[in-house]
Amino acid sequence: MCYSKAPKMNNNDVMSDILLRLPLKDLVGCKCVCKWWNTLISDPIFKLNYSLRNPQYNISGFFLQKFLYLELHSKLLFFPCEGRVDAAPKPSLSFIEDDKGVCIQHSCNGLLICSSFRCGEEDRKYYICKPTTKQYFPLPNLECRTVFGISIAYDPNRSPHYKIVSICDSYLSKNHRQIKIYSPVTGSWKPSGKPFTVPDEDMLFNRGVFWNGSLHWIGMGILALRFNPETELMLTMPMPPTQRKPGYFGESGGHLLLVEAYGPLTAGFNIMEMKADYSGWFVKYHLNLDQVARRCQAIERANRLSILHIVHNHIEDVDESFIVIHVPGEFVSFKLRDYSFMDLQTNNHVDSGLGLWYSWEGVYPYTNTFFYL
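The sequence shown runs contiguously to residue 1222 in this note's numbering.
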């Protein structure tokens, strides 16, 4: 009788299989146990396998940022969208040592780009950081006069490596921009292509959205931009033809979403989604706020509101997508399919008495995917 032998597993395989089963916070702590475990956990293939094996670390909430007069650090709130409140990152950037203060510039799949706060561009420093582990790494200086926007491109399901894309001024003219890309592999910035002219001087380069492997920027015109950091190609994408003001622009659950404000949002609005082939936008949801206001006095008496975050979520073919909005003195969340209200949890104190006004431009989605700088 012939028996086939099971493939042998070496010590690295056995230990990696054990480490893959640990919760994220315990896993990060294991890096300090010994050099062997640190090497295993730092391996890019292990990081990718851990992210794929642990889908519970998908989008977990969003940071809300506001700048206060004479405050050294920006004011941060954090709202979990799913998962346990006690697993959420602390709403503070004080672990980054910068005597000029620190604020968030961009977020993508668990990583933040932060920068010096109260200073001129010549003195500003940029950092890549992960708030759940309180790690940060200073980036090399950008040799330019003006940074119009800086964004992270990172998809742990495609690659263990991130890239940072910066939109800088150009020597050609004030209407030209130069893209520069930072890679942790090279540890330096490099120009990408030739300077380009912007189709819209109001292009929101400071609000880049990563979706479908590319970064996207919108403005007030009929064309928007998208840039793939792998192919380093800059392309245009269409916008709805009517003149409008962006009321929201973001990504959730693999969907690129847009809200345009043709008047006060209190009158109701459409949530639009970009088609996968970039051929155009279609209406995903129409919100009748009169129906919502009948159930919520805060909305009924509000003379203005802003959209903070939209979460696209389906559970067993049931649409559980919801929206978070801000009305004076209150944050409200409700489901898009039936307008049923949801409780907003947070691990920090929300002081509605300050009279602060928040909008989507101060929102930074946060993901608990595994990444260690």
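Beta carbons: idealized from backbone N, C-alpha and C, even for Gly. Here the structure is a predicted model, which means the values were calculated and not measured.
| Asked | Found |
| --- | --- |
| Assigned exposure category for ILE908 - 16 Cβ within 10 Å defines buried | Below a pLDDT of 50, predicted positions are generally treated as unreliable, and ILE908, at 47, falls in that range; the measurement from the model is reported next regardless. ILE908 comes out buried. |
| Which residues DSSP lists as bridging GLY998, in chain order | ILE1016 |
| Cβ neighbour criterion (16 or more within 10 Å) applied to GLY1042 | exposed |
| Boundaries of the beta strand (DSSP E) in which TYR1097 is found, first to last residue | 1094-1101 |
| Boundaries (first-last residue) of the alpha helix (DSSP H) holding VAL877 | 873-879 |
| Per DSSP, the bridge partner or partners of ALA1073 | MET1086 |
| Rounded distance between the beta-carbons of VAL1014 and PHE1076, thought under 8 Å | 6 Å |
| Same chain, Cβ closer than 7 Å to SER865, neighbours up to 5 away in sequence not counted | LEU889, PHE895 |
| CB of ASP1139 within 9 Å of CB of GLY1062, strictly | no |
| Touching by the beta-carbon criterion (3+ pairs, under 8 Å), the stretch 1054-1070 and the stretch 1164-1184 | no |
| Euclidean distance between Cα positions of VAL1047 and ASP972 | 26 Å |
| Whole-angstrom distance between SER1208 and VAL951, CA atom to CA atom | 20 Å |
| LEU868 versus LEU876: straight-line alpha-carbon distance, rounded | 7 Å |
| Close Cβ partners of GLU1050 (< 6 Å) along its chain, the five nearest in sequence each way excluded | none |
| Contact set for HIS1161: own chain, Cβ-Cβ below 6 Å, skip 5 residues either direction | SER1101, GLY1102, HIS1104, SER1170 |
| Beta-carbon proximity of ASP1118 to ALA1110, cut-off 9 Å | Here the sequence assigns Phe to residue 1118, which means Asp is not the residue at that position. Going by C-beta atoms, PHE1118 is nearer than 9 Å to ALA1110. |
| Touching by the beta-carbon criterion (3+ pairs, under 8 Å), the stretch 1147-1162 and the stretch 1173-1189 | yes |
| Where ASN861 falls, given that 16 or more other Cβ within 10 Å makes a residue buried | exposed |
| Within 9 Å, strictly: CB atoms of TYR985 and ILE1001 | no |
| Distance between beta carbons of GLY1068 and LEU1053, contact taken as under 8 Å | 6 Å |
| Residue-chain proximity (SER1032, chain B), Cβ-Cβ < 9 Å | As a matter of chain content, chain B is missing from the structure shown, which is built from one protein chain. |
| Cβ pair SER965, LYS974 closer than 9 Å | yes |
| Counterpart residues of MET1121 in DSSP-defined beta bridges | LEU1107, VAL1132 |
| Those residues which DSSP pairs with TYR985 across a bridge | CYS978 |
| Whole runs of the beta strand (DSSP E) within the stretch 1150-1187, excluding any shorter than 3 residues | 1155-1160, 1171-1176, 1179-1184 |
| Own chain, CB closer than 6 Å to PHE944, minus 5 neighbours either side, in chain order | LYS983 |
| Option in MET1121, MET1123, MET1191 with minimal Cα separation from VAL1141 | MET1191 |
| Residues sharing a beta bridge with PRO940, DSSP | According to DSSP, PRO940 bridges with nothing at all. |
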